[in-house]
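Engineer:
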Amino acid sequence: MGHPAQARTSGPPPFLMRKLSHSELLARQQANKKSPRLSFSVLLNNIRSLHNVGSIFRTADGAGVEKVYLCGITGHPPDSKISKTALGAEKEVPWEYHRNAGEVLRRLKAAGHRIVLLEQLEQSISYEKFEPAAPLCLVVGNEIEGVSEELLALCDQTIEIPMAGLKNSLNVSVAFGVVAFHIGNLLRRDVPQCPVRGVF
0 MGHPAQARTS
10 GPPPFLMRKL
20 SHSELLARQQ
30 ANKKSPRLSF
40 SVLLNNIRSL
50 HNVGSIFRTA
60 DGAGVEKVYL
70 CGITGHPPDS
80 KISKTALGAE
90 KEVPWEYHRN
100 AGEVLRRLKA
110 AGHRIVLLEQ
120 LEQSISYEKF
130 EPAAPLCLVV
140 GNEIEGVSEE
150 LLALCDQTIE
160 IPMAGLKNSL
170 NVSVAFGVVA
180 FHIGNLLRRD
190 VPQCPVRGVF
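One point on numbering: in numbering that gives the first Met the number 0, the residue at position 73 of the sequence shown is 72, and numbering is uninterrupted.
#1: Helix, strand or coil, according to DSSP, for Gly63 in the structure here?
#2: Ends of the beta strand (DSSP E) at Glu130?
#3: In whole angstroms, what is the alpha-carbon distance linking Met162 and Trp94?
#4: Is Val171 near the ligand FMN, judged by its Cβ being under 6 Å from some heavy atom?
#5: Under three-state DSSP, which class holds Gly197?
#6: Please name the residue in Ser20, Met16 and Leu37 whose C-alpha comes closest to that of His112.
#7: Please list the segments of the beta strand (DSSP E) lying wholly inside the stretch 113–194, counting only runs of 3 or more residues, in order along the chain.
#8: Which residue marks the beginning of the alpha helix (DSSP H) containing Glu95, and which one marks its end?
#9: Quick one: what's got a C-beta closer than 8 Å to Val195's C-beta in the same chain, skipping five residues either side?
#10: Looking at the secondary structure, which residues open and close the beta strand (DSSP E) in which Leu86 lies?
#11: Would DSSP call Asn222 helix, strand or coil?
#12: Quick one: any contact between the stretch 86–93 and the stretch 58–65, if contact means 3 or more CB pairs under 8 Å?
#13: So what does DSSP say about Leu69, is it helix, strand or coil?
#14: Hey, how far is the Cα of Asn167 from the Cα of Leu42?
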């Protein structure tokens, strides 16, 4: 006895996947420009790779980050290597360069910002258990050495991304992306007039 033939259906599928047109993407982009950014900033300290800096700019734009602080040896625009991965996001997200990251964090703390460090420490909790409250500044340190003891002492909370594999960490720009969208989505719950910004 042969296998029963598979049932065949005719007509259009129950739903049709369709890519957004260029004009639709532009319309979404224009709508996003009117959306308020979140009270959520990021401080990059001693990031050595300009490609990582550019990638973080692009991700920061997509996550609705309000400002990027570039500190220490971290490169800053204008720079072709940053532009290569930022794809213009460095012109959309406000940024400041400061040689001394500690001074920036002390100023933010004095203004009521919660300072959160993305780092693997004994005291760190999973980013998934972290409940953010605005205003907030996420600190991201050097790809190899992390942050200094001085900056660590200025942080109110440390969070990490649990690893399931044999490597202990992610690329710094990837790690920032994971945490930035998590924080942004949670903060957006309290800002109903701030829709999710399209990812381009």
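No residue lacks a Cβ here, since even glycine has one placed at the ideal position from N, Cα and C.
Structural biologist: Put simply:
#1: Along the sequence shown, one-based indexing puts residue 63 at 64. In the three-state DSSP reduction, Gly63 falls in the coil class, being neither helix nor strand.
#2: Taking the sequence shown and counting its residues from 1, the one referred to as residue 130 is at position 131. Segment: none, Glu130 is in no beta strand (DSSP E) and carries neither H nor E.
#3: Sequence index remark: in the sequence shown, residue 162 carries index 163 (1-based). Sequence index remark: in the sequence shown, residue 94 carries index 95 (1-based). Their backbone Cα atoms lie some 31 Å apart in a straight line.
#4: The ligand FMN is not among the ligands present in this structure, which contains no ligands whatsoever.
#5: Position 198 of the sequence shown, counting from 1, holds the residue named residue 197. Note that Gly197 scores 40 on pLDDT, short of 50, meaning its location in the model is unreliable and no value can be drawn from it.
#6: Within the sequence shown, residue 112 is the residue found at index 113, counting from 1. The shortest Cα separation from His112 among Ser20, Met16 and Leu37 belongs to Leu37.
#7: 113–117, 135–139 and 156–159
#8: Within the sequence shown, residue 95 is the residue found at index 96, counting from 1. Run containing Glu95: none in the alpha helix (DSSP H); it sits in the beta strand (DSSP E), Trp94 to His97.
#9: Sequence index remark: in the sequence shown, residue 195 carries index 196 (1-based). Any reading at Val195 needs caution, since the residue's pLDDT is 45, under 50, leaving its predicted position unreliable; the model's value is listed next. These residues qualify, in order along the chain: Asn184 and Arg187.
#10: Position 87 of the sequence shown, counted from the first residue, corresponds to residue 86. Counting along the chain, Leu86 falls outside any beta strand (DSSP E), and DSSP gives it neither H nor E.
#11: In the structure as shown, the chain begins at 0 and stops at 199. Residue 222 is therefore absent and cannot be evaluated.
#12: At 8 Å Cβ cutoff, the stretches touch.
#13: As a working note, residue 69 is residue 70 in the sequence shown. Here Leu69 sits in strand by DSSP.
#14: As a working mapping, residue 167 is identified with position 168 in the sequence shown. As a working mapping, residue 42 is identified with position 43 in the sequence shown. Within the model, the alpha-carbon separation for Asn167 versus Leu42 is close to 22 Å.
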